[in-house]
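Trainee:
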Amino acid sequence: MGSWFLVLGAPIAPMPRRTKGQGPRAKDQGPQGGAHMHVYDGRTRVLSRVVLSAALFAAGTATAQPPTPQAKPADKAPAARDLEAAVDRLGDLDYEIRTDASSLVRRAPAEKTVPMLTNAARSHKDGYVRFRALVLLAGLNDPKSRDLMAAVLTDENDRLREVAYRYFEEHPDPALAPRFVAALKKETSEFVRPPLTRALAAHGGDPTVQATLKREVMSGQDYFRSGVIEALGDHKAAYALPELLKIAQLEGPLQDDAVLALGRIGDKRALDTFARLQRTAPREQQPAIAAAICMLGVNCQSHQSFLAETLRFASKEVGFQPLLRATADSLAELAITDHTEALQLLFETVVPTRDPVRAPLVLAVGSVALRNPQTVLGYLSQAKQAAGSIDVLREAFDMLEEDYAEERFYATVRRTFWSSPESSAERKTAQTLIGALEF
């Protein structure tokens, strides 16, 4: 890699070499494991519950979803008692059994599954079954689910509250905004508070919501503040620009989050701050700054070239794992905002790699898939050799426990299958994904 960094297109002095770091993997523990298992490493919360809520933007529509395409079109729909048994198995301790149960439910006609899932989510004796039933309902996008989602906002099962807040981020209801503001004052669950924050951000036209989020982003624990920052960026909350600019100028774990949020908001008043940071910030923060400037539409080609060069360097040289993670994250942010060349670079880099280089790249690709599934589907439909890329997606999903976001991804794939011409590349890709990801 060259020994320079871009300041809005101009070279500056090199940064000092950093030491190597490693990132852990998190796998689905099922109902018997911890309530939530995630991947964290410094500022790299690639697919935390906060980040993955953004899958809502690309995945959802208000119309009900058709069932998953059958592997064998001639197969008969499952009997009612088989569906009831499958719903009960959604909480089985065996991963394969509960996964097969989810697949069976998805492939059944919605007119049969929606009532069963609604009853299970409302009153099943197994709390994990209630959670999984509610997630599957969200994937079906049945409009009648709205009342149930509103009802579980006060349920003592925190998994249900989490799903409900994600739902109302995707389906904003201004009448609920005061209720969300009140809930934020007493919600203490570390798994529920971030999606509650995102639901609030989706109602950012409300002055009380704006005041609440501006206060939350400047105080409290860094974990929760990080969630507020990302929510403000994803929902283009220009009203919080002064607060985000202040955070972006402070060294610490929230600096990159604020920089990327400012990039997503798209206000060029952030450019002066970005230029100063490129002169002073450490090497690992330069990729986020470059991505943010590109998102503002300034010298994008130069900054993408910088990110590509940095990725090649960090993926080949020993001792630059933090820089690799930062660059992969930043490219993912660009890909999520429809810069398909960034997605292509991630796929082309990750397919032939092995750990420890592979893991952060796989997670970056996974974040794009769950936050902007349509862009990933479009890329895979045009790729000459998509098999390796689909393997990467399967690996990313295996490393994560992000039920709601993955279900929304599945919903997008199903919708693409049924809406595409029978012989089209899009339909073939969707069918391949359904088989490879076993949903």
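When we follow this note's numbering, the leftmost residue of the sequence shown carries the number 1, and every step to the right adds one. The beta carbon of each residue, even a glycine, is placed where N, CA and C say it ideally should be. Only a predicted model underlies this, so the values are computations on that prediction, with no experimental measurement involved.
Whose C-alpha, out of 238, 316 and 181, is nearest the C-alpha of residue 216?
Mentor: Comparing alpha-carbon positions, the option among 238, 316 and 181 lying closest to residue 216 turns out to be 181.
Trainee: Looking at C-alpha atoms only, which residue of 394, 275, 90 and 265 is the closest neighbour of residue 436?
Mentor: 394
Trainee: Distance, Cα to Cα, residue 46 vs residue 175?
Mentor: Reliability of the predicted coordinates at residue 46 is poor, the pLDDT of 37 falling under 50, and no value is obtained from them.
Trainee: Helix, strand or coil for residue 295? Go by DSSP, reduced to three states.
Mentor: helix
Trainee: What is the DSSP secondary structure of residue 250, counted as helix, strand or coil?
Mentor: Coil, per DSSP.
Trainee: Rounding to the nearest angstrom, what Cα-Cα distance links residue 359 and residue 82 in this structure?
Mentor: Annotation: residue 359 to residue 82 spans about 39 Å, alpha carbon to alpha carbon.
Trainee: Rounded to whole angstroms, how far is the Cβ of residue 131 from the Cβ of residue 149, which I believe are closer than 8 Å?
Mentor: That belief does not hold up - the Cβ atoms of residue 131 and residue 149 are roughly 13 Å apart, past 8 Å.
Trainee: Give the DSSP-derived three-state secondary structure of residue 156 in the structure shown.
Mentor: In this structure, residue 156 counts as coil in the three-state DSSP scheme.
Trainee: Can you grab the Cα-Cα spacing for the pair residue 17 / residue 283, in whole Å?
Mentor: Confidence at residue 17 is low in this model, with a pLDDT of 27, below 50, so its placement is unreliable and the value that follows should be read with caution. Rounded to the nearest angstrom, the two C-alpha atoms are 8 Å apart.
Trainee: Excluding the 5 residues preceding and the 5 following residue 276 in the sequence, name in chain order all residues of the same chain whose CB lies nearer than 6 Å to its CB.
Mentor: none
Trainee: Go to residue 207, then tell me how far its alpha helix (DSSP H) extends in each direction, as first and last residue.
Mentor: Element bounds for residue 207: 207 to 216.
Trainee: Within its chain, find whatever has a CB closer than 8 Å to the CB of residue 353; leave out the 5 residues flanking it on each side and keep chain order.
Mentor: 315 and 361
Trainee: Alpha carbon to alpha carbon, what distance is there between residue 153 and residue 268?
Mentor: 38 Å
Trainee: If we call anything under 8 Å between Cβ atoms a contact, is residue 308 one with residue 345?
Mentor: Yes, Cβ-Cβ distance for residue 308 and residue 345 is below 8 Å.
Trainee: Out of curiosity, what's the CA-to-CA distance linking residue 258 and residue 236?
Mentor: A straight-line Cα-Cα distance of about 12 Å links residue 258 and residue 236.
Trainee: On the criterion of 16 or more Cβ atoms from any shown chain inside 10 Å, does residue 219 qualify as buried, or is it exposed?
Mentor: A residue is called buried once 16 or more other Cβ atoms fall within 10 Å of its Cβ, and residue 219, having fewer, is exposed.
Trainee: How far does the alpha helix (DSSP H) with residue 366 in it reach, from first residue to last?
Mentor: Looking at the DSSP string, the run of the alpha helix (DSSP H) that includes residue 366 is 358 to 371.
Trainee: If you reduce the DSSP assignment to three classes, tell me which class residue 262 lands in.
Mentor: Annotated three-state conformation of residue 262 is helix, per DSSP.
Trainee: For residue 191, does the three-state DSSP call read helix, strand or coil?
Mentor: If DSSP states are grouped into helix, strand and coil, residue 191 belongs with coil.
Trainee: Which residue marks the beginning of the alpha helix (DSSP H) containing residue 130, and which one marks its end?
Mentor: 127 to 140
Trainee: Give the C-beta separation of residue 326 and residue 285 to the nearest angstrom, bearing in mind that I take them to be a contact with Cβ-Cβ under 8 Å.
Mentor: Your pair residue 326 and residue 285 checks out as a contact, with CB atoms roughly 7 Å apart and the cut at 8 Å.
Trainee: Work out the CA separation of residue 109 and residue 321 for me, nearest whole Å.
Mentor: Separation of residue 321 and residue 109 (C-alpha to C-alpha, rounded to the nearest whole angstrom) is 47 Å.
Trainee: Starting from residue 342 and walking both ways along the alpha helix (DSSP H), at which residues does that stretch end?
Mentor: Its alpha helix (DSSP H) spans residues 340 to 350.
Trainee: According to DSSP, is residue 149 helix, strand or coil?
Mentor: helix
Trainee: Mapping DSSP to helix, strand and coil, what is residue 399?
Mentor: coil
Trainee: Buried or exposed: which applies to residue 250, given that a residue is buried once 16 or more other Cβ atoms fall within 10 Å of its Cβ?
Mentor: Counting Cβ neighbours within 10 Å, residue 250 comes out exposed, since fewer than 16 surround it.
Trainee: Consult DSSP for residue 99 and reduce its assignment to one of helix, strand or coil.
Mentor: helix
Trainee: Have a look at residue 158 and residue 317 and give me their C-alpha separation to the nearest angstrom.
Mentor: 43 Å
Trainee: Going straight from the alpha carbon of residue 297 to that of residue 264, what length do you get?
Mentor: Cα to Cα, the separation comes out at about 11 Å.
Trainee: Could you have a look at residue 318 and say whether DSSP puts it in helix, strand or coil?
Mentor: coil
Trainee: Please list the terminal residues of the continuous alpha helix (DSSP H) segment that includes residue 222.
Mentor: 222 to 234
Trainee: Between residue 201 and residue 231, is the Cβ-Cβ spacing less than 8 Å?
Mentor: yes
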